[in-house]
Each structure stands twice: as structure tokens, then as C-alpha cells.
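Colleague: One structure follows; several queries about it will come next.
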Amino acid sequence: MTDVVIVGGGLSGLVAAIAARQADLSCLVVEKGRSLGGDGNYVEGAMGVDSRLQQAAGIHIDRTQLLQDELNYSHYEASAPHLKQLIDHSGETIDWLADLGVKFSGVGAQGKSWPTIHAFAGGGHAAVETLIAKARELGVQFVRSTSVQQLLMNDGKISGVSLRDEVTGLTSEVATQHVIFATGGYVDNPELIKQQTPLSDRLMSVSDGKSTGDGMQLAWSVGAMHDSMGALQFGGGAIYDPMLPPFMHMASQIGVAATQEAILWVNQAGERFVNEDVNDNMCHAGNALLGQARTFAIFDAAAVKHLSEVGLYKAVGNSPFSPDTLDKLPEELAGDLAAHRKYLAKADTLADLAELLHLPKLVESVDRYNQLVDEGVDSDFGKAADYLTPVKTGPFYAVTLGVGMACALGGLRIDTDNAVLNPQGYPIPGLYAIGNDAAGMLVGDTYAVTLPGSTAGFAAFSGRNAIAAITRE
Numbered sequence: 007m008t009d010v011v012i013v014g015g016g017l018s019g020l021v022a023a024i025a026a027r028q029a030d031l032s033c034l035v036v037e038k039g040r041s042l043g044g045d046g047n048y049v050e051g052a053m054g055v056d057s058r059l060q061q062a063a064g065i066h067i068d069r070t071q072l073l074q075d076e077l078n079y080s081h082y083e084a085s086a087p088h089l090k091q092l093i094d095h096s097g098e099t100i101d102w103l104a105d106l107g108v109k110f111s112g113v114g115a116q117g118k119s120w121p122t123i124h125a126f127a128g129g130g131h132a133a134v135e136t137l138i139a140k141a142r143e144l145g146v147q148f149v150r151s152t153s154v155q156q157l158l159m160n161d162g163k164i165s166g167v168s169l170r171d172e173v174t175g176l177t178s179e180v181a182t183q184h185v186i187f188a189t190g191g192y193v194d195n196p197e198l199i200k201q202q203t204p205l206s207d208r209l210m211s212v213s214d215g216k217s218t219g220d221g222m223q224l225a226w227s228v229g230a231m232h233d234s235m236g237a238l239q240f241g242g243g244a245i246y247d248p249m250l251p252p253f254m255h256m257a258s259q260i261g262v263a264a265t266q267e268a269i270l271w272v273n274q275a276g277e278r279f280v281n282e283d284v285n286d287n288m289c290h291a292g293n294a295l296l297g298q299a300r301t302f303a304i305f306d307a308a309a310v311k312h313l314s315e316v317g318l319y320k321a322v323g324n325s326p327f328s329p330d331t332l333d334k335l336p337e338e339l340a341g342d343l344a345a346h347r348k349y350l351a352k353a354d355t356l357a358d359l360a361e362l363l364h365l366p367k368l369v370e371s372v373d374r375y376n377q378l379v380d381e382g383v384d385s386d387f388g389k390a391a392d393y394l395t396p397v398k399t400g401p402f403y404a405v406t407l408g409v410g411m412a413c414a415l416g417g418l419r420i421d422t423d424n425a426v427l428n429p430q431g432y433p434i435p436g437l438y439a440i441g442n443d444a445a446g447m448l449v450g451d452t453y454a455v456t457l458p459g460s461t462a463g464f465a466a467f468s469g470r471n472a473i474a475a476i477t478r479e
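Just so you know, we're using my numbering here: the sequence shown kicks off at 7 and counts up by one.
See below:
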């Protein structure tokens, strides 16, 4: 008999495992992949309010105002008790991580946001490695390349799990009265994603590939409530390349020029459709891009020269890196054109570019846009004057855009103990969900970029919170 079985060895699962051993509970972590850490390896930092690091930096946040702003942002689709609970305990969660040895490089805002993200020194991978080492030190048991096939029930309560070794195909059972799902959500399940948007063919997962909705589907099989699927975390536009996986373009300077620099976006007809500086909120930008059947970023030779030799038009707030210039942009453009990458097009004139891409209104749209640039006011869509960049000097470039997804939240309704609820609103005895499997309670239909680090912050908080609930039984 094991006190707790944790399904998933990502950030939330690792935190839960450490908390379990600190509470003197025996603990088994079941990880279906070969490696631990999940998407925690890629997160930039974790959300916290009133942490020691914030206090040292002189950052003070009004918790009540933060709660109200986030509830308004979600149109009150977020659960006020769950969001308040996270805010109130987030600072102590950051301090707990620091006491375990997790290093932070600083704390502040990300784009136009609350100053809540505590950046991991060395990135998420470094934080995960610290947590794995601590878990092993405390005696946490891990099994990898192993999946949970079934939840075992006795008299309506959790009694164990059925496991399958993904290498040998052999099955086994583990007796336990507590199962915690930490399986990372469903961003890598195309069928579940398709239910969220009819344009899912232009959505690209930049997850670790293992977040296929295992937890929610197993929970549903024993009577858990089918809750709102929550929100997709969009990346504000990304290179849409049918030939290469999305992660191959993660550090692309062409991608930064096409998305973050807010020059000109057009749709399948060549029409401009939004203020391009919407990418201050990457999820709003994702929504705007998915509102069109196809989307393209248009820029010219003058922009390439400026970005590569002078500097950015717009600070990069939602990118894995934030350079001073895009010094490799000309080289990347030349290389990808020579390789005939299907996402990239170049022409000496706008008319030629329009014909090449079948964008009948491109020339007209660019003429109108350049008129707004000359006037210094975007009276069409309201882009900030500082980012009104002309598109006049050939050759001209077009980058086909899709939308990257880092995670997908929700599917299960939980109470404030992270216990999974049935359709009548009562807990299924012994069943808990943490991290992305449960984070739909925090958002509406659009991910809360305004509260940066909230996914990782909730992963850490919820892992500890579920264990605390188990110890109170």
C-alpha cells in the first residue's frame, strides 16, 4: 500500500512528491515518458505575491485589486475562491521553492502585466533538476515509461491504479487510497484541441508532446465532472511551417520580426485586420490571428536593415529571448529562401508578392497602411504611433503565421483542496488534480497573460495544497 500515487512527473507532480515526503507519506510518481520535468523544463518562472524576493525588490501588490482585475479579465468565468487562494499563498510557495534550493534570477513584469513572475535562474530545466534531486534525496519512488491504464475503485472510493510498462507491455496494480493527477493538461491531444476552435489546423503545440489529457479522461471514467476546458495558452503568432516541427523555429529571428515587431499583418485576402501591437498580450494576439482563415506578416528590406543593424522597433516581451538587434535576420532570410521553406516568400514588388501568395487586396492594404504611417495615427485599428513602421522599400517579405500553444488548461472541476468533483459538486474520495489538469478554475476563455507565471505558480501551489488536504484526513 502506497499513501499517494502521483500520475505525472512534471513540475506539479515533483512538488507534490516532495511535499508528501515532507509530510512523511509514502509516495510513488508514475511518469509515462522516459524523462521527468514535463513542460516545467520550459517555463520561464513562477507567479508569486509578497514573496521574500518581491519584498526585497520593493514590489507591493494590492491583492484585492489583483483579484478583481483578474476576475474582470476572465469575465468572472474564473473561480474567485480558487484565484484568491492562489494569490494569498503564492508568495509562501515561492519562498518554499527557494528554501528547497530553487534559484531565481529576479522578479517583475512581463510585457504589460502585474510584476509577479519570479524568473528561474537557468530556466525551468534548472528548477526541475533541483526538485528532482530533492525528491530523490527524500526517498520519492519513481517509475518511468509507465502509464496508468485504470483507476481502481472500491465502494466509490479510490483503491489503487492499474499500470502498464510501456516498454514491455506488462501490467501491474498498486494499492493506494489517494491518486493525484498531474498529467499536464491536453495541449497535445488534437481531438480535444479541435473541440476548442474550428481552426485547429493552424495551432501548433510547443509542449513536450506528453500532455494528451490522460488525467481528465481517467477521471471522467470514474464519474468526474466534464468541466469547462479552460483556455489555451497562445504564443501570439509563430512561424507556420508545414515541413518542420514548431520547436525548430523557437529561436528564429525571422519569427521575432514577423510577430513581436508589430509591422503589418494581413489575412487570406491581403487585408489588414488588427492593431499589430496586440502582441503585448500574446493570447489576445492568438485570438486575433485565429479569427482569420490565413495570416501573413509583411515587411520590407528597410525593416530588415533597421532590425539587423539599428535595433528593434518594439521590445520583445513574450519571446524566449530579447535581443538588442536581430543581427542574424538577413542570414536567416537568405538561408530559408535558398532552402525553399514554404512559410517564407519574397518578391521585388508588392504586386508580385500579392500574385505569388494569391492576396488580391495586398497592394491596396499596404497603400492604406502606409498612408496611416505618414499621418502618424492608426485611425483604422489604433496601433501605437511608435510602432507605425512603413512597408515601402523592396524587396518585400511575407511570413505565414500560425499560433503556438504552450499549454491547455481545465477539463476537471476541483474544490479548494484540489479534490476532483463529480457533477453534483461533491469530491470523488481519494482523487485529486493539480497543475494544468486543474488550472481551468483560474481562467476564462483567454489565458491570463496579465498574471505572468501563473501556470507554474499554480503547479507548485496546487501540488502542496493537495498533499496538505490528504494529511488533514
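In this text, a Cβ means the ideal position worked out from N, Cα and C, and glycines have one as well.
Between residue 29 and the rest of its own chain, which residues show a CB-CB distance below 7 Å, the 5 nearest in sequence each way excluded?
Modeller: 473, 477
Colleague: Quick one: using the 10 Å Cβ neighbour count with 16 as the cut-off for buried, is residue 432 buried or exposed?
Modeller: exposed
Colleague: If you drop the 5 nearest sequence neighbours on each side, which residues of the same chain put their C-beta closer than 7 Å to that of residue 325?
Modeller: The predicted position of residue 325 is uncertain, since its pLDDT is 48 and thus under 50; a value taken from the coordinates is nonetheless stated next. Taken in chain order, the residues that qualify are 262, 266.
Colleague: Does the segment 160-176 come within contact of the segment 418-427, defined as at least 3 CB pairs closer than 8 Å?
Modeller: The segment 160-176 is not in contact with the segment 418-427.
Colleague: Among residues of its own chain, excluding the 5 on either side of residue 95, which ones have a beta-carbon nearer than 7 Å to its beta-carbon?
Modeller: 467
Colleague: Assess, as a yes-or-no matter, whether the segment 116-125 is touched by the segment 134-145 under the definition of 3 or more beta carbon pairs within less than 8 Å.
Modeller: no
Colleague: Since residue 303 and residue 269 should fall inside the 8 Å C-beta cutoff, what is the C-beta to C-beta distance between them, to a whole number of angstroms?
Modeller: 7 Å
Colleague: Please work out which residues of its chain come closer than 6 Å, Cβ to Cβ, to residue 334, disregarding the five sequence neighbours upstream and downstream, and give them in chain order.
Modeller: 259
Colleague: State the start and end residues of the unbroken beta strand (DSSP E) segment that holds residue 171.
Modeller: Per DSSP, the unbroken beta strand (DSSP E) holding residue 171 starts and ends at 163-171.
Colleague: In the DSSP assignment, what are the bridge partners of residue 112?
Modeller: 125
Colleague: Let's test the definition: count the other Cβ atoms within 10 Å of the Cβ of residue 306 and tell me whether it reaches 16, buried, or not, exposed.
Modeller: buried
Colleague: Under 8 Å: do the segment 73-82 and the segment 15-26 share three or more Cβ pairs, one atom per stretch?
Modeller: no
Colleague: Identify whether residue 253 lies in helix, strand or coil by the three-state DSSP scheme.
Modeller: helix
Colleague: In the DSSP assignment, find the unbroken alpha helix (DSSP H) run with residue 309 in it and report its ends.
Modeller: 307-315
Colleague: Tell me the rounded alpha-carbon separation between residue 81 and residue 450.
Modeller: Whole-angstrom Cα-Cα distance: 7 Å.
Colleague: CA-CA distance, residue 355 and residue 234?
Modeller: 48 Å
Colleague: The alpha helix (DSSP H) that contains residue 360, what's its start and end?
Modeller: 356-363
Colleague: State yes or no: is the C-beta of residue 164 within less than 8 Å of the C-beta of residue 53?
Modeller: no
Colleague: Taking only the alpha-carbon atoms, compute the straight-line gap between residue 230 and residue 438 and give it to the nearest angstrom.
Modeller: 11 Å
Colleague: Is the beta carbon of residue 396 sitting closer than 8 Å to the one on residue 352?
Modeller: no
Colleague: Taking C-beta to C-beta, are residue 359 and residue 275 nearer than 8 Å?
Modeller: At the C-beta level, residue 359 and residue 275 stay beyond 8 Å of one another.
Colleague: Could you work out which residue in 461, 126, 148 is closest to residue 111 when comparing CA atoms only?
Modeller: 126
Colleague: Between the beta-carbon of residue 407 and the beta-carbon of residue 264, is there less than 8 Å?
Modeller: yes
Colleague: Less than 8 Å between CB atoms is the rule here; does residue 156 satisfy it with respect to chain D?
Modeller: Judged by its chain identifiers, the structure shown contains no chain D, having just a single protein chain.
Colleague: By how many angstroms is the C-alpha of residue 277 removed from the C-alpha of residue 327?
Modeller: Residue confidence is low: residue 327 scores 47 on pLDDT, short of 50, so the model does not pin down where it sits. Its coordinate-derived value is still stated next. Spanning the two alpha carbons is a distance of roughly 30 Å.
Colleague: For residue 437, which three-state DSSP category applies?
Modeller: strand
Colleague: How long is the line joining the alpha carbons of residue 216 and residue 133, rounded to whole angstroms?
Modeller: Each residue's Cα considered, the two are about 20 Å apart.
Colleague: Residue 497 lies in the alpha helix (DSSP H); which residues open and close that run?
Modeller: The structure shown does not extend to residue 497, since the chain is modelled only from 7 to 479, so the question has no answer here.
Colleague: Using the three-state DSSP reduction, which class does residue 156 fall into: helix, strand or coil?
Modeller: Assigned with DSSP and collapsed to three states, residue 156 falls in strand.
Colleague: Short of 8 Å in beta carbon distance, which residues of its chain neighbour residue 475, apart from the five on each side in sequence? Order them along the chain.
Modeller: 423, 424, 425, 438
Colleague: Indicate whether residue 245 and residue 405 have their beta-carbon atoms separated by less than 8 Å.
Modeller: For residue 245 and residue 405, yes; Cβs fall inside 8 Å.
Colleague: How about residue 12 and residue 35: are their beta carbons less than 8 Å apart?
Modeller: Cβ atoms of residue 12 and residue 35: closer than 8 Å.
Colleague: In whole angstroms, give me the CA-to-CA distance for residue 91 and residue 84.
Modeller: 12 Å
Colleague: According to DSSP, is residue 326 part of a helix, a strand, or is it coil?
Modeller: Per-residue confidence for residue 326 stands at a pLDDT of 44, beneath the threshold of 50, marking its modelled position as unreliable; no derived number is given.
Colleague: So, under 8 Å CB-CB, residue 101 and residue 58 are touching, yes? Tell me the CB distance rounded to an integer number of Å.
Modeller: 5 Å
Colleague: For the segment 369-385 against the segment 286-300, do three or more pairs of beta-carbon atoms, one drawn from each stretch, fall closer than 8 Å, so that the two count as touching?
Modeller: no
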